[in-house]
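**Student:** Here this note's numbering is used: the first residue of the sequence shown is 1, the next is one more, and so on. Cβ atoms here follow ideal geometry from the backbone N, Cα and C, with glycine treated the same way.
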Amino acid sequence: MSSASSSSPDSPELRKDHIFNRWVIFSSARSRRPSDLKVHSPTSNPNPKSNTSCPFCAGHEDECAPEIFRVPAGSSVAGWKVRVIENLYPALRRELEPPNSGSDVVCMRGFGFHDVVIETPSHNVRLPDLSDSEIKEVVLAFKERIEQLRRVGSIKYVQVFKNYGATAGASLSHSHSQIIGLPIVPPMVSTRLDSMKEYFDRTGKCGLCDIQLKKILIDESSHFYAIVPFAASNPFEIWIVPRKHASHFYEIDDERAADFGCLLKLMLLKLTLQLNDPPFNFMIHTAPFELPLSSSHSTHWFLQIVPQLHVIGGFETGTACYINAVFPEDAAKILREVKTHK
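(1) Whose C-beta lies closer than 8 angstroms to the C-beta of F249 among residues of the same chain, with five residues either side of it excluded?
(2) CB I118 to CB Y157, shorter than 8 angstroms?
(3) Do you know how far the Cα of V24 is from the Cα of N324?
(4) When you compare the CB positions of E134 and K214, do they come within less than 8 angstroms of one another, or not?
(5) Which same chain residues, not among the five before or five after N276, have their C-beta less than 7 angstroms away from its C-beta?
(6) How about I305 and I218: do their beta carbons lie closer than 8 angstroms?
(7) Below 8 angstroms, how does it come out for the segment 220-227 and the segment 92-110: are there three or more Cβ pairs, yes or no?
(8) Tell me, which residues are paired with L264 by DSSP?
(9) Cα-Cα, which of F113, I85, Y89, R83 is closest to E95?
(10) On the three-state DSSP scale, how would you describe Y89?
(11) Could you give the residue range of the alpha helix (DSSP H) that holds A226?
(12) Is the number of C-beta pairs between the segment 119-131 and the segment 169-186 that are closer than 8 angstroms three or more?
(13) To the nearest angstrom, how far is the alpha carbon of R336 from that of N234?
(14) Whole angstroms is fine: what's the gap from V311's alpha carbon to L88's?
(15) In whole angstroms, what is the alpha-carbon distance linking F20 and L140?
(16) Considering only the beta carbon of each residue, do S298 and M196 sit closer than 8 angstroms?
(17) My output table needs one value for F302: the three-state DSSP class, helix, strand or coil.
(18) Would you decide whether H341 is buried or exposed? Buried here means 16 or more other CB atoms lie within 10 Å of its CB.
(19) Does E137 pass the burial test, meaning 16 or more other C-beta atoms within 10 Å, or should it be called exposed?
(20) Could you please give the first and the last residue of the uninterrupted beta strand (DSSP E) stretch that includes V160?
(21) Classify K270: buried if its beta carbon has 16 or more other beta carbons within 10 angstroms, exposed otherwise.
(22) Applying the 10 Å Cβ sphere with the 16-neighbour rule, what's the burial state of F315?
(23) In this structure, how does DSSP classify M283 when only helix, strand and coil are distinguished?
(24) For Q274, count neighbouring C-beta atoms within 10 Å of its own C-beta (all shown protein chains included) and say buried if the count is 16 or more, exposed if not.
Structure follows, in structure tokens:
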């Protein structure tokens, strides 16, 4: 991947994102100092009494949509750590007849799967508050559900994502994430695959394996590294990337799941401390189930964390060209220096 230019810190810069095939404008004049970029009030608002009406809390299982599985399997009401359930208000419906999805189809039945992963039975525990073993169980729950959906032949792509905070799209404060199984491959996913293949065809290297880590590295573990990407579309955006080339998230094993969970926890703690517990989204960008062999060497899965620190305006909406007020090298340096006392 290209390295940063030698422009002065006050000079605007355009950078090409070779993963998502888009341009990002960096202009520090659009913001205060990067170290001052914080939300005004923390997203979490612990309330010991709020679990009395929360359907995701232990003891309220019968208020939820049907359960798909729990961890540990067969555990009692008092013993579960993670539950995967159907979404009570699904975007797509699993009981519909799977559609025909030819290239010329412009409308189809809303078949698909929309699930919720309840990450903890405790109402006031956030994902980064979990122990290392607990966050590993969440990661393995993602893997297990994706593998289940993989066996549904009409499902082409699965998106794992988390919305934290109301302004990031979370409707319930109890820590949870979501999984949607689609009968199509979304256009943005196709664009990502095409862009990564174009980079591979041009350079002979995977765009994520080829990243120059020196100035944008935040931290690393045995199997993963965490960076602020060279052309980050948002301030303090973080990517967690496998060191070993891998196209599919579901191929993660127990050792790597534990390692990944620890690094994810560390990154969320750093964002919490530096940005005053901001709302955020994270997304696992993986490969479609039916990945052409010609794309296997260029497609590399990763997790993207996007703190929601500003409102997307008309320019970004109209052009898909983002304006970022914080240079990635500055954001990475700031996050490297955040002490979490983990």
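**Tutor:** Judging by the given coordinates:
(1) Position 249 of the sequence shown, counted from the start, is the residue given in the question as residue 249. Answer for F249: F142, K143, I146, V160, I284, T286, W301, listed in chain order.
(2) Residue mapping note: residue 118 aligns to position 118 of the sequence shown, counting from 1. Residue mapping note: residue 157 aligns to position 157 of the sequence shown, counting from 1. Cβ atoms of I118 and Y157: not closer than 8 angstroms.
(3) Here residue 324 refers to the residue found at position 324 when the sequence shown is read from its first residue. Here residue 24 refers to the residue found at position 24 when the sequence shown is read from its first residue. Computed Cα separation, rounded: 7 angstroms.
(4) One-based indexing of the sequence shown puts residue 134 at position 134. One-based indexing of the sequence shown puts residue 214 at position 214. Not closer than 8 angstroms, so no.
(5) On the sequence shown, position 276 is the one that residue 276 refers to. If we look at N276 and ignore the five residues flanking it on each side, its Cβ neighbours are K38, V39, P42.
(6) Your numbering for residue 305 matches position 305 in the sequence shown. Your numbering for residue 218 matches position 218 in the sequence shown. The answer is no: Cβ separation not under 8 angstroms.
(7) no
(8) Here the question's residue 264 lines up with position 264 in the sequence shown. For L264, which the question treats as bridged, DSSP gives no partner whatsoever.
(9) For the purposes of this step, residue 95 is taken as the residue at position 95 of the sequence shown. Here the closest residue by C-alpha is F113.
(10) As a working mapping, residue 89 is identified with position 89 in the sequence shown. Reduced to three states, the DSSP call for Y89 is coil.
(11) Within the sequence shown, numbered from 1, the residue matching residue 226 stands at position 226. Unbroken run through A226 is the beta strand (DSSP E), 224-227; no alpha helix (DSSP H).
(12) yes
(13) Counting from one through the sequence shown, the residue named residue 336 turns up at place 336. Counting from one through the sequence shown, the residue named residue 234 turns up at place 234. Distance between the alpha carbons of R336 and N234 is about 17 angstroms.
(14) The residue labelled residue 311 in the question sits at position 311 within the sequence shown. The residue labelled residue 88 in the question sits at position 88 within the sequence shown. Those two C-alpha atoms are separated by around 29 angstroms.
(15) Here residue 20 is taken as the residue at index 20 of the sequence shown, counted from 1. Here residue 140 is taken as the residue at index 140 of the sequence shown, counted from 1. So the two alpha carbons sit approximately 27 angstroms from each other.
(16) The count along the sequence shown starts at 1 and reaches residue 298 at position 298. The count along the sequence shown starts at 1 and reaches residue 196 at position 196. Cβ distance < 8 angstroms, so S298 and M196 count as in contact.
(17) Numbered from 1 along the sequence shown, position 302 holds the residue referred to as residue 302. If DSSP states are grouped into helix, strand and coil, F302 belongs with the strands.
(18) Walking along the sequence shown from the start, residue 341 turns up at place 341. By the 10 Å Cβ count, H341 comes out exposed.
(19) Along the sequence shown, read from residue 1 onward, the residue named residue 137 stands at position 137. So E137 ends up on the buried side.
(20) One-based indexing of the sequence shown puts residue 160 at position 160. It spans 157-164 - the beta strand (DSSP E) in which V160 sits, taken as one unbroken run.
(21) In the sequence shown, the residue the question calls residue 270 occupies position 270. Flag for K270 reads buried.
(22) Position 315 of the sequence shown, counting from 1, holds the residue named residue 315. With fewer than 16 Cβ atoms within 10 Å of its Cβ, F315 is classed as exposed.
(23) Within the sequence shown, the letter at position 283 stands for residue 283. The answer is strand: DSSP assigns M283 an E or B state.
(24) For the purposes of this step, residue 274 is identified with residue 274 of the sequence shown, where counting begins at 1. It is buried - the Cβ of Q274 has at least 16 other Cβ atoms within 10 Å.
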